[in-house]
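Written below as structure tokens is the structure these notes are about.
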Amino acid sequence: MPRLRRFSSRQLIQALHGFGFKVESMKGSHAKFVRETDEGRREVLIAPLTDPLAIRTISAIYRQASRFIPREELRAAFFTPPEKSSQA
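Add 332 to the 1-based position in the sequence shown for the numbering used here, that's all there is to it.
In structure tokens:
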């Protein structure tokens, strides 16, 4: 069963950067991630930058990102690969 990965702030920034998001601004311990679509629409995510990120926080960021990115694409970055069953 796939499980949510644990992320540090740096790993979260790298994962979101892979989907085209860039850090636009930071205020306190939160960052605003922005990407522009081909149609010119701005897509914005707000996420805390604490180490390590709590698993429920990672889950909330995943749900927030799934508004803009298909879940199938996000799954590879946010979940561990499924374990292979070892049948003898």
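Don't be surprised by glycine CBs; every beta carbon is placed ideally from N, CA and C.
These figures come from a predicted structure and were not determined experimentally.
Per-residue DSSP class, three states only, for residue i
i    : result
A363 : strand
E356 : strand
F410 : helix
E405 : helix
Buried/exposed call for residue i, threshold 16 Cβ in 10 Å
i    : result
A408 : exposed
I390 : buried
A386 : exposed
Residues bridged to residue i (per DSSP)
i    : result
I378 : K364
L336 : F411
Best match in the options for proximity to residue i [C-alpha to C-alpha]
i    : options                   : result
I428 : F411, P402 and Q396       : The chain is shown from 333 up to 420; residue 428 falls before or after that span and cannot be answered.
R342 : V376, H362, R374 and R367 : H362
E368 : T382, S357, F351 and R338 : F351
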